[in-house]
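What follows is a short report on a single structure.
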Amino acid sequence: MLKIRTRRYGQAFFLAVCTAACTVGAQQPPASPANLPARYTEALKLHESQHYAEAAAILEPFLAAGPEGMDWHWNAAMYDLACNEALAGRKEKAMEALMAWQARGGSGSAEHLATDADLVSLHGDPRFTRLVEVARSREGLWAREPGQGLPLVPNLSDDAKVAGLSTVWSEARFNFAFFDRQPDMDWNQTYLDFLPKVRATASTEEYYRVLMRFVALLKDGHTNVYPPGPLQNAFYGRPGLRTQLVGNAVVVMAVDDPALLAQRWRVGDVLLTIDGEDIRRYAEREIAPYQSSSTPQDLQVRTYDYALLSGHAGSPIHVTVKTAAGKEEARELTRLSLADRAKFKHERASFALRPDGIAVLTINEFEDTEGTKALLANLASINAAKGLVIDVRANGGGSTPIDLLQVLAKEPIQGPLIRTRSYRAADRARGVLPGWADVPPFEVPADPDHHVNVPVAVLTGAHTFSAAEDFVASFKAMHLGITVGETTAGSTGQPLFFQLPGGGSARVCTRDDRAPDGAVFEGVGLRPDMVVSPTVESIRRGTDPVLERAARALLIAKQGRAAA
101 MLKIRTRRYG QAFFLAVCTA ACTVGAQQPP ASPANLPARY TEALKLHESQ
151 HYAEAAAILE PFLAAGPEGM DWHWNAAMYD LACNEALAGR KEKAMEALMA
201 WQARGGSGSA EHLATDADLV SLHGDPRFTR LVEVARSREG LWAREPGQGL
251 PLVPNLSDDA KVAGLSTVWS EARFNFAFFD RQPDMDWNQT YLDFLPKVRA
301 TASTEEYYRV LMRFVALLKD GHTNVYPPGP LQNAFYGRPG LRTQLVGNAV
351 VVMAVDDPAL LAQRWRVGDV LLTIDGEDIR RYAEREIAPY QSSSTPQDLQ
401 VRTYDYALLS GHAGSPIHVT VKTAAGKEEA RELTRLSLAD RAKFKHERAS
451 FALRPDGIAV LTINEFEDTE GTKALLANLA SINAAKGLVI DVRANGGGST
501 PIDLLQVLAK EPIQGPLIRT RSYRAADRAR GVLPGWADVP PFEVPADPDH
551 HVNVPVAVLT GAHTFSAAED FVASFKAMHL GITVGETTAG STGQPLFFQL
601 PGGGSARVCT RDDRAPDGAV FEGVGLRPDM VVSPTVESIR RGTDPVLERA
651 ARALLIAKQG RAAA
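Each residue of the sequence shown is one higher than the one before, counting from 101 in our numbering.
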């Protein structure tokens, strides 16, 4: 069977949608695009119970229907159809499905195809051998980049540096979803401008900094360059505290390292200078130009939070700090390695019930389902409360939490409206420039057994990013409650990852997503219904004006429901 790997919408996401859609599958035509997820999950269950012929019978109509409107899901289904046919002893049908799978581009590696135990009965067929050869040839052209295998050395050759720059330029040229946001940008000229810059670098580390500056010009939060693993501590070393630009002040928002508490660091301290320079001037010159960001608020987060104090692990930072008492102090920070920073524990999800009867579910990432698990584990308490606050202000994304939306919604959940670049060589030969292809949105039903029955508010901010924005976009489009806080980062989508010389990597965003109701938030962000921001004073007091405003709104809404 095939395991598809993608950044945000891989097999795990597909199966989640499949499972959710199962209850409505019988209402759809047998081979309609909308019905593929439900039928696919039925076939998976039959495969697991070794009913291969029955599993194949479910998927065969989709082979006859063709891939139109089914996106990459069709490829996954065709590969699994071939596996089931082969295991059922129907080799010719297995070959037919595999050839259709490869004709549409295939998915998965040539090595997986050649060694998949489900297909071993086909190994003597010369057509299967040819399929593997074609898969390997395609991988050589499309799955590997020029210079990808070059090892990390202190200073890559000029040829390797040019190969890496050219790879980033080319992948963006053909795949980047947002050139239309910068109509005055000449990407080809920008590439030419950076050729002498990469050649002039004196080390691999410096070279990767130039690549970061190059890709940052695309102004997209899902389009980035990452240094090789052994160099990451030279880029991402940071002290054990977190900062944020609040108004015009750079404020300490959290002190994670206990050693810093012993050195008198406190939440609410304001940083004034770095190495003797005004902190805002330093940030705008040394940090901001290297940050890939989609919006001003996203750039602000990356500049003044994620990257402000970054640099070589072990190196010192000399800062001037103004305390809550108004005293200015000179202090020194030491940048910690990634391994040392990983020791500081951060909650992925937490639940609390306030004295005023408002339940608060904080979800800081969607890399897993901990948030939904916490909601379901406390559902009885939530439905007995006066309202529910879901706090995703610190949530940088992961995978779109369909399961969370299913518990909040009573109607079917609509997926985002998606378009992606469409390139056809024959069209270009006739003078037709690449256009767009629309990807049909998915639809899944609400959870029939679990539902939140109290007013809901979602807290948002500029750290709310990627899949967390997908969640907020669907929440707003479906009118599931109110949103409170600040505008989200304004970046989501499906990045294409690829490798660079010396072991680094990069990604380019390939999709332009809109909210299910058509609202544009890429490059803009999602503005909350109630705009509330923290202040330096509220941070120092330890109060949360965003949460308090949401709680008041929910209490009023609860009273309104009771009166009705």
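All residues carry an ideal CB built from backbone N, CA and C; glycine is no exception. Given the structure is predicted, the values throughout are model-derived calculations rather than measurements.
Separation of residue j from residue i, as counted between CA atoms
i      : j      : result
Asp617 : Asp378 : 44 Å
Gly660 : Tyr336 : 50 Å
Trp365 : Thr343 : 12 Å
Thr489 : Asp644 : Sequence check: residue 489 is Val here, not Thr. The straight-line gap from Cα to Cα measures roughly 13 Å.
Pro548 : Leu504 : 13 Å
Gly340 : Gly426 : 23 Å
Ala277 : Ala359 : 45 Å
Leu265 : Pro328 : 15 Å
Phe444 : Ala354 : 12 Å
Ala567 : Thr141 : 24 Å
Ala121 : Ala203 : Interpretation of Ala121 is limited by its pLDDT of 43, a score under 50 that renders its predicted location unreliable; the figure taken from the coordinates is listed afterwards. Answer to the nearest angstrom: the Cα atoms are 28 Å apart.
His563 : Leu399 : 10 Å
Ala589 : Lys319 : 12 Å
Leu241 : Ala484 : 58 Å
Glu462 : Glu271 : Here residue 462 is Thr; the residue named in the question, Glu, does not match the sequence. Approximately 37 Å, taken between the alpha carbons.
Ile482 : Ser499 : 24 Å
Val232 : Ala413 : 45 Å
Glu569 : Asp286 : 30 Å
Leu295 : Val315 : 13 Å
Arg530 : Asp218 : 43 Å
Leu248 : Ser257 : Correcting the residue identity first, residue 248 is Gln in this sequence and not Leu. The alpha-carbon atoms of Gln248 and Ser257 are separated by roughly 13 Å.
Leu159 : Met178 : 7 Å
Pro129 : Ala164 : Confidence in Pro129 is poor, its pLDDT being 45 and thus under 50, which makes the residue's placement unreliable; the coordinate value appears in the next sentence. Cα to Cα, the separation comes out at about 14 Å.
Pro167 : Tyr523 : 17 Å
Met199 : Gln150 : 24 Å
Ser638 : Ala650 : 16 Å
Ala362 : Arg652 : 37 Å
Range of the contiguous alpha helix (DSSP H) that encloses residue i
i      : result
Thr215 : 210-215
Ile639 : 636-641
Lys297 : 287-299
Ile158 : 152-165
Val401 : 396-401
Ala334 : 332-336
Thr304 : 304-316
Tyr382 : 379-382
Arg441 : 438-441
Pro358 : 358-362
CA nearest to the CA of residue i, picked from the options
i      : options                        : result
Thr229 : Ala210, Gly240, Glu245         : Ala210
Asp280 : Met630, Val632, Val631, Asp612 : Asp612
Ala263 : Glu648, Pro601, Ala316         : Pro601
Ile518 : Asp538, Lys510, Val532         : Asp538
Asp369 : Val220, Glu428, Gln391         : Glu428
Gly603 : Lys261, Pro161, Val558         : Lys261
Gly457 : Thr141, Glu648, His147, Gly205 : Glu648
Ile656 : Thr395, Gly487, Arg236, Lys510 : Gly487
Ala573 : Ala619, Ala562, Arg530         : Ala619
Leu453 : Ser437, Ala474, Ala182, Leu436 : Ala474
Ala615 : Ala606, Ser605, Leu626, Arg607 : Leu626
Trp536 : Val268, Phe274, Pro595, Leu479 : Phe274
Val554 : Leu479, Phe575, Arg528         : Leu479
Ser392 : Gln289, His579, Val310         : Val310
Gly671 : Gly585, Gly623, Gln599         : Residue coverage of the chain in this structure runs from 101 to 664, which leaves residue 671 outside it and unanswerable.
Ile582 : Thr560, Gln599, Phe598         : Thr560
Glu543 : Met578, Ala155, Pro251         : Met578
Ser633 : Gly515, Arg528, Arg493         : Arg493
Whole-number beta carbon distance between residue j and residue i, since they are thought to touch under 8 Å
i      : j      : result
Ala186 : Leu144 : Their Cβ separation, rounded to whole angstroms, is 16 Å, which puts Ala186 and Leu144 out of contact at 8 Å.
Ser207 : Asn255 : With 8 Å as the limit, Ser207 and Asn255 do not qualify as a contact, their Cβ atoms being about 37 Å apart.
Tyr308 : Leu331 : 7 Å
Glu465 : Arg448 : 6 Å
Val367 : Val346 : Contact flag wrong, Cβ pair sits at about 12 Å.
Ser437 : Asn333 : 5 Å
Glu511 : Ala546 : 6 Å
Ser628 : Gly585 : According to the sequence displayed, residue 628 carries Pro and not Ser. With 8 Å as the limit, Pro628 and Gly585 qualify as a contact, their Cβ atoms being about 5 Å apart.
Gln289 : Thr587 : About 32 Å; that fails the 8 Å criterion.
Bounding residues of the beta strand (DSSP E) (the contiguous stretch that carries residue i)
i      : result
Phe451 : 449-453
Pro416 : 416-422
Ala407 : It is not in any beta strand (DSSP E) - Ala407 carries neither H nor E in the DSSP assignment.
Ala430 : 428-434
Ala349 : 349-355
Ala557 : 556-560
Arg385 : Careful: Arg385 lies outside any beta strand (DSSP E) and carries neither H nor E.
At what residue ranges does the stretch 181-266 contain a whole run of the alpha helix (DSSP H), taking only runs of 4 or more?
191-203, 210-215, 226-238
Can you list the alpha helix (DSSP H) stretches of 4 or more residues lying completely in the stretch 464-551, in chain order?
470-477, 479-483, 502-508, 525-529
What ranges does the beta strand (DSSP E) occupy inside the stretch 562-635, keeping only unbroken runs of at least 3 residues that lie completely in it?
582-585, 595-599, 605-609, 611-614
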